[in-house]
Amino acid sequence: MTMSINPQSIVWGTFDGLEPPAANWADQVDYWEDYTRRFFRSNGKDYGPQDSNVVRWLTATDRAPFAHMLQALLPALRARADIADVDLVIFAHWLPDIHLGTSVTNLALHSLGLDAGLGFAISDRGRSAPLFAMHCIDRYLTRERNKALLIVMDQKHLLYNSAVVSEIAPLNSASMMVLSRGDDGSLHYRGYHRRPCLMREGVAAETAGLATHFGLDPASCVLVSDGDLIAETGWPGPALPQEPRLLCSAPLVALADHAKEGGDYLLVTYENECLSGVCLSARKGSRP
């Protein structure tokens, strides 16, 4: 059975100052320095003063814990979609929560009063996490399981310095959407595809091949991706540049703001020599 979404039900936001810094932050510096040093060591890396972002992490005034962003967006989602009968809650993110250890899925299930729902998180997949999450949702929604809630979040503050994150200058961002079995939504999920070990010079050909894989006409399909990747592909059809600073929420925000009925959409991310894509289409029927 088809899995569908209604882009008009997507909710999202950027957030600052949802929580003040701890008053006793200076007493916590040594603890978090030790934590971060051990984290580096567990990944086979040395940790020195030049790597530390602990003080900034503790004292930032634009803190946005995942739990706070969830509670801020849930009322808006309730106003747009029926989420009282959700069977699955998936949380997808790249950057970690500023509150390490918080279970976003458990909080969502509790807030929605879902005693029998399943929740789990997808991380360590970079910005492709929400695309893989859609694939997981599609595999889980079978038989009596009909509806899923996808929660996507990232926040900007890390315990350590990262050149990659600094270059992106991310925003504290969150988005949510409901996916369901049936034809109620205007867009239908048609599949997920991942191509690892792909050098940058092969991205254009692989993106064109992705369109072929999903049976899309590039001349009419909307490519949703970062602006620089869209330019590199030489995409012949319409394109929808997403905001990279929104990280994992970027494709959902692009759909929420611009998706129209009757179109085909190819959502593409490329990072760490891996291209990932999801096809959403107005067409129903069998998948490739």
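So the sequence shown is residues 1 to 288, counted in my numbering.
Beta carbons: idealized from backbone N, C-alpha and C, even for Gly.
Since the model is a prediction, treat every value here as computed from it, not as a measurement.
Rounded to the nearest angstrom, the gap between the Cα atoms of Val224 and Leu255 is 8 Å. In this structure, the CA atom of Phe40 is about 6 Å from the CA atom of Tyr47. A contact between stretches requires three or more CB pairs, one per stretch, nearer than 8 Å, and the segment 26–43 fails this requirement with the segment 63–73. The C-beta separation of Leu266 from Tyr192 comes to about 11 Å, leaving the pair out of contact by the 8 Å criterion. DSSP, read as helix, strand or coil, puts Cys136 in helix. Following the DSSP letters along the chain, one finds Ser123 in no beta strand (DSSP E), marked with neither H nor E. The beta-bridge partner set that DSSP reports for Met199 is empty. In this structure Leu247 touches Trp94 by the C-beta definition: roughly 6 Å separates them, less than 8 Å. Here the alpha carbon of Gln8 sits roughly 45 Å from the alpha carbon of Gly44. With distances taken between CA atoms, Ala26 lies nearest to Val55 out of Ser4, Val55 and Pro20. Met153 has His93 and Ala174 as its beta-bridge partners, per DSSP. The alpha-carbon of His99 is positioned some 13 Å away from that of Met153. When secondary structure is reduced to three states using DSSP, Thr36 falls in the helix class.
Listed in chain order, the non-local C-beta contacts of Lys284 below 7 Å within the same chain comprise Thr2, Asp183 and His188, local neighbours out to five positions each way being set aside.
According to DSSP, Cys248 shares a beta bridge with no other residue. Buried is the label assigned to Pro218, since at least 16 other Cβ atoms lie within 10 Å of its Cβ. With contacts defined as CB atoms closer than 8 Å, Leu159 and Thr36 qualify as a contacting pair. Within its own chain, the residues whose Cβ lies closer than 7 Å to the Cβ of Val86, once the five positions on either side in sequence are excluded, are Leu112, Leu114, Gly117, Lys147, Ala148 and Leu149, listed in chain order. Closest option to Gln50, judged by alpha-carbon separation, among Thr212, Gln28, Gly234 and Ser162: Ser162. Apart from the 5 residues on each side of it in sequence, Phe15 sits with its Cβ closer than 6 Å to the Cβ of Ala64, Met69 and Asn172 in its chain, given in chain order. Of Glu273, Thr269 and Arg245, the smallest CA-CA separation from Ala129 is found for Thr269. For the set Ala211, Leu179, Met177 and Pro244, the Cα lying nearest the Cα of Pro170 is the one of Pro244. CA-CA distance, Met177 to Ile122, rounds to 16 Å. With at least 16 other beta carbons inside 10 angstroms of its own, Cys221 counts as buried. In the structure shown, the three-state DSSP call for Gly113 is coil. If you check the CB distance, Leu280 and Arg190 come in under 8 Å.
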